[in-house]
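The opening position of the sequence shown corresponds to residue -18 in my numbering, with each subsequent residue numbered one higher.
Built from N, CA and C at the ideal position, the CB exists for glycine as well.
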Amino acid sequence: MIKKLLLVFVVAVVAGVSVMGYYLWKGPDLSSYGHLVEPAISTMPPQRMIVVEVRGDPDHVASEAYEMLYDLYYSVGGVDYWPLPAPRARWPISPDLPRAEWVGIYGIPVPDSVAELPEYVHIPGMTVSLTTWDYGEVAELLYIGPYEEETPSIERLRNFAAEKGYAFAGPHEEEYLKGPGMIFRGNPEEYVTILRYVIKPMTEPPDGGTTSDPAGSTESEGSEGTVVP
């Protein structure tokens, strides 16, 4: 009897892992993102985030950042273990800089009820915080493909926002529906990313000039617990 129960338990675990692995490999259901095939403007509420900030080439430092994020996420009480929320990243420095100088602000959503970080082992060069990312109006576009080829889509989104009379109120942001941080990285041609900018209407002073910088500001605001613009 014990052997039979043990066998049933093992089979159930294997089946569960197989199903989870299949859905992670398959990727998200894109039917709910159909409205983002073309650039779109919408409104997003503020989001509580666990955040890891690190400087360096994403090809070298992103994996450590995501490992820290998920370790912290699983140590927080009251979060959903399945399905996992899609990780996000903000990039407050010009992509024209050498990749070794890039600053990546990686984050994962958590419930508003999370009031403090669990204990963790500090890693030199990595800043960890619990904060809230503010949104409001955003411009978004769904991108499918490798990150090295997303620049034309980013420019398309930026031009769309400017043509609609908006300036950028924060850095470039990406939400990774399928890609880094996932168990199965898969084919880069099938990576699924939401490109995003927080935006605000352009305003014109009396001389007819524009007071809002359409290129967006990357200066941080000095609010408590905030590590992003």
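*Which residues mark the beginning and the end of the beta strand (DSSP E) in which I135 is found?*
Within the sequence shown, residue 135 is the residue found at index 154, counting from 1. In the DSSP assignment, I135 falls outside any beta strand (DSSP E) and lies within the alpha helix (DSSP H) extending over 132 to 144.
*asked:* Are the CB atoms of I180 and A120 within a distance shorter than 7 Å?
replied: Here residue 120 refers to the residue found at position 139 of the sequence shown. Here residue 180 refers to the residue found at position 199 of the sequence shown. The answer is yes: Cβ separation under 7 Å.
*In angstroms, rounded to a whole number, what distance separates the CA positions of S94 and G59?*
Counting from one through the sequence shown, the residue named residue 94 turns up at place 113. Counting from one through the sequence shown, the residue named residue 59 turns up at place 78. The straight-line gap from Cα to Cα measures roughly 8 Å.
*Test item: CB-CB of P99 and S56 under 7 Å*: For the purposes of this step, residue 99 is taken as the residue at position 118 of the sequence shown. For the purposes of this step, residue 56 is taken as the residue at position 75 of the sequence shown. Contact: yes.
_Please tell me whether I89 and L138 are closer than 7 Å, where the distance is taken between their beta carbons._
Translated into the one-based positions of the sequence shown, residue 89 becomes position 108. Translated into the one-based positions of the sequence shown, residue 138 becomes position 157. No.
*From what residue to what residue does the alpha helix (DSSP H) around S56 run?*
Position 75 of the sequence shown, counted from the first residue, corresponds to residue 56. From DSSP, the alpha helix (DSSP H) with S56 extends over 39 to 56.
_Could you tell me the alpha carbon to alpha carbon distance between V18 and E155, rounded to whole angstroms?_
Translated into the one-based positions of the sequence shown, residue 18 becomes position 37. Translated into the one-based positions of the sequence shown, residue 155 becomes position 174. Between V18 and E155, the C-alpha separation is close to 15 Å.
*Collapsed DSSP secondary structure at G126 in the structure displayed*: Looking up residue 126 in the sequence shown gives position 145. The DSSP-derived three-state label of G126 is coil.
*Helix, strand or coil for H153 per DSSP?*
Locating residue 153 in the sequence shown gives position 172, counting from the first residue. Three-state result, H153: strand.
*What residue does the beta strand (DSSP E) around P90 start on, and which one ends it?*
As a position in the sequence shown, residue 90 is number 109, starting the count at 1. Its beta strand (DSSP E) spans residues 84 to 90.
*asked:* Taking contact to mean 3 or more Cβ pairs, one atom from each stretch, closer than 8 Å, check whether the stretch 27 to 42 and the stretch 74 to 82 are in contact.
replied: Here the stretch 27 to 42 lies against the stretch 74 to 82, with 3 or more beta-carbon pairs under 8 Å apart.
*Do A67 and Y87 have their C-beta atoms closer together than 7 Å?*
Residue mapping note: residue 67 aligns to position 86 of the sequence shown, counting from 1. Residue mapping note: residue 87 aligns to position 106 of the sequence shown, counting from 1. No, Cβ-Cβ distance for A67 and Y87 is not below 7 Å.
*Can you tell me whether E34 is buried or exposed, with buried defined as 16 or more other CB within 10 angstroms of its CB?*
Counting from 1 along the sequence shown, the entry for residue 34 is found at position 53. Classification of E34: buried, given that the 10 Å Cβ count is 16 or more.
*If you draw a straight line from the alpha carbon of I104 to that of F141, how long is it in whole angstroms?*
Reading the sequence shown from its first residue, position 123 is the one you call residue 104. Reading the sequence shown from its first residue, position 160 is the one you call residue 141. I104 and F141: Cα-Cα distance of roughly 40 Å.
*Please work out which residues of its chain come closer than 6 Å, Cβ to Cβ, to G160, disregarding the five sequence neighbours upstream and downstream, and give them in chain order.*
Residue numbering aside, residue 160 sits at position 179 when the sequence shown is read from its first letter. Only Y172 meet the Cβ criterion.
*So Y116 packs on P27, CB below 8 Å; how close in whole Å?*
Reading the sequence shown from its first residue, position 135 is the one you call residue 116. Reading the sequence shown from its first residue, position 46 is the one you call residue 27. Under the criterion of beta carbons closer than 8 Å, Y116 and P27 qualify as touching, at roughly 6 Å.
*Rounded to the nearest angstrom, how far is the Cβ of M183 from that of Y157, given a contact under 8 Å?*
Taking the sequence shown and counting its residues from 1, the one referred to as residue 183 is at position 202. Taking the sequence shown and counting its residues from 1, the one referred to as residue 157 is at position 176. Not quite, the Cβ-Cβ distance comes to about 30 Å (not below 8 Å), so this is no contact.
*asked:* On the CB-based measure, 16 or more other CB atoms within 10 Å of its CB, does T24 come out buried or exposed?
replied: On the sequence shown, position 43 is the one that residue 24 refers to. Exposed, since its Cβ has fewer than 16 Cβ neighbours within 10 Å.
*Is L158 helix, strand or coil by DSSP?*
To locate residue 158, count along the sequence shown from 1; it is residue 177. Under the three-state reduction of DSSP output, L158 falls in the strand class.
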